[in-house]
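**Q**
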Amino acid sequence: MRPLRSGSRNLTPKQRLHETGISTRQLPVRLAPCTDELLSSWIIRHATFYAISPLAMLQHCLPEVLSLRTADLDLTKGQVVRIARMYSIDPATVHRMTFSNIPQSSRRLIAGEPRQLCCSCRRTVDGSPIILRSQFLGWRITCPLCKGPLQRIGGLDRSSPFSRYHHAALIGERTLDDEAERGIQNWVSPSEIARLLLMRRVPKPFPDHYEPSNYKVLGVIIPDLDDVLKMEPSELPTPLNPILPLHLRAALLAGVAIVQRAGSEMLYMLRGHMMGENKARFGNAIDEMVERTRQPRASSQLHLI
Ligand SMILES: [Zn+2]
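For what it's worth, the working numbering labels the leading residue of the sequence shown as 6, then goes sequentially.
1) Out of curiosity, what's the CA-to-CA distance linking Leu-245 and Val-34?
2) Measuring only the C-alpha atoms, how far is Val-207 from Lys-152?
3) Does the beta carbon of Ser-125 fall short of 7 Å from some heavy atom of ligand 1?
4) Could you tell me how far apart the beta carbons of Val-225 and His-278 are, in whole angstroms, since I believe they sit closer than 8 Å?
5) Tell me whether Leu-73, by its Cβ, gets closer than 7 Å to a heavy atom of ligand 1.
6) Select from Asp-231, Thr-40, Asn-289 the residue whose C-alpha is nearest the C-alpha of Pro-210.
7) Provide the residue span of the alpha helix (DSSP H) that contains Glu-178, from first to last.
8) Is Lys-288 near ligand 1, with its Cβ less than 7 Å from a heavy atom?
9) Report yes or no: is there a C-beta of chain C within less than 8 Å of the C-beta of Val-222?
10) Measure the CB-CB distance between Leu-122 and Gly-143 and report whether it falls below 8 Å.
11) For a test of the three-state rule: what should DSSP assign to Thr-53, helix, strand or coil?
12) Note the first and the last residue of the continuous alpha helix (DSSP H) segment covering Ile-227.
13) Once DSSP output is grouped into helix, strand and coil, what is the label at Thr-298?
14) Nearest to Lys-250 by alpha carbon, out of Lys-221, Arg-163, Ala-56?
15) From what residue to what residue does the alpha helix (DSSP H) around Ser-110 run?
16) Please list the terminal residues of the continuous alpha helix (DSSP H) segment that includes Val-261.
17) Who are the Cβ neighbours of Met-6 in its own chain at under 8 Å, not counting the five residues just before and after it?
18) Can you tell which of Glu-237, Pro-108, Ser-45 has the C-alpha that lies nearest to the C-alpha of His-195?
19) Any chance you could list the alpha helix (DSSP H) runs of at least 4 consecutive residues sitting entirely within the region 83-159, in chain order?
20) Give the DSSP-derived three-state secondary structure of Arg-286 in the structure shown.
21) Less than 8 Å between the C-beta atoms of Ser-45 and Leu-80, yes or no?
22) Give me the Cα-Cα distance between Glu-197 and Arg-120, rounded to the nearest whole angstrom.
23) Taking DSSP's pairing of strands, which residues face Glu-42 in a bridge?
24) From Leu-203, Cys-126, His-214, Leu-257, pick the residue whose C-alpha is nearest to that of Lys-284; which is it?
25) Do Tyr-170 and Ala-267 count as a contact pair if the criterion is CB distance below 8 Å?
26) Taking 7 Å as the cut-off, does the CB of Gly-153 come closer than this to any heavy atom belonging to ligand 2?
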């Protein structure tokens, strides 16, 4: 015998929304987004208000989107417009709440969960914490809203062993942010430099107990890094997962700024600290980067002929 279906527990999210009077055209009650709030955070707040699950709230408008993370990262223009219509808001505002503007090269530096927060800009509205875009950005050490220092989530705040590189780190943060948020590049992609700096190198002189993963190309530019990484092997970043813990992040940002300023000669010098396949991969990557920077100049010169 089939169980009797009664009560809202047996309704699908769509039916439940229908019962509460929410149409896909427009929400009867809309909550104002906060500055720099992430789209998923805003949807979660609406879901709490309408007492449904966040995914049901999202899929009520966009049934084809399978997760809140996808909504944060990869909405099409059409999907942005549909959300904007349902929430009675400007599409440009919805677009700004996502990471859709961030190019592929910088996306490795977007964390899968909030990694940091700004104590001055932290907000809770009607009991729900507001999650900001900046909490996921692996190139930030300062808050984009108030410029104050960000703090680590989930663990004690630790002082940075790289505080003397703070000024260079702020320059690196700005160049990575310009590339990611505004598509502005210097002579080469800063996020690509960040990736290369996290490749392994062979230390000179060769140590007695050599653990390859302890030595990064970055350590040539920021010599304190080797010792710090030996003490904290669990914090080791990789080119595929380049987001450093907040207290170590200044080293990578400063490294990016130093290479940007020094130019391609420094990249070729760094290649000399590598061996074998890694050296070949590094060499190919910098040849391609340098070639790309030459091409626009060459083509603009052709236009002058
Ligand atoms: Zn702030």
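Each residue gets a CB set at the ideal place from its N, CA and C atoms; glycine is no exception.
Remember, it's a predicted structure, so these values are computed and weren't measured experimentally.
**A** The short version:
1) 42 Å
2) 37 Å
3) yes
4) 5 Å
5) no
6) With distances taken between Cα atoms, Pro-210 lies closest to Asp-231.
7) 171-187
8) The sequence given here places Gly at residue 288; Lys does not occur at that position. Because no heavy atom of ligand 1 lies under 7 Å away, the Cβ of Gly-288 does not count as near it: no.
9) No chain C appears in this structure, which consists of one protein chain only.
10) no
11) Secondary structure of Thr-53 (DSSP, three-state): helix.
12) Counting along the chain, Ile-227 falls outside any alpha helix (DSSP H), and DSSP gives it neither H nor E.
13) helix
14) The sequence shown places Pro at residue 250, rather than the Lys named in the question. Minimum Cα distance to Pro-250 is reached at Arg-163.
15) 109-112
16) 251-267
17) The predicted model places Met-6 with a pLDDT of 33, which falls under 50 and marks its position as unreliable, so this point remains unresolved.
18) Note that residue 195 is Pro in the sequence shown here, rather than His. Restricting attention to Glu-237, Pro-108, Ser-45, the CA atom closest to the CA of Pro-195 is found in Pro-108.
19) 96-101, 109-112
20) helix
21) no
22) 22 Å
23) Leu-137
24) Leu-203
25) For Ala-267 and Tyr-170, no; Cβs fall outside 8 Å.
26) Here the bound small molecules are ligand 1; ligand 2 is not part of this structure.
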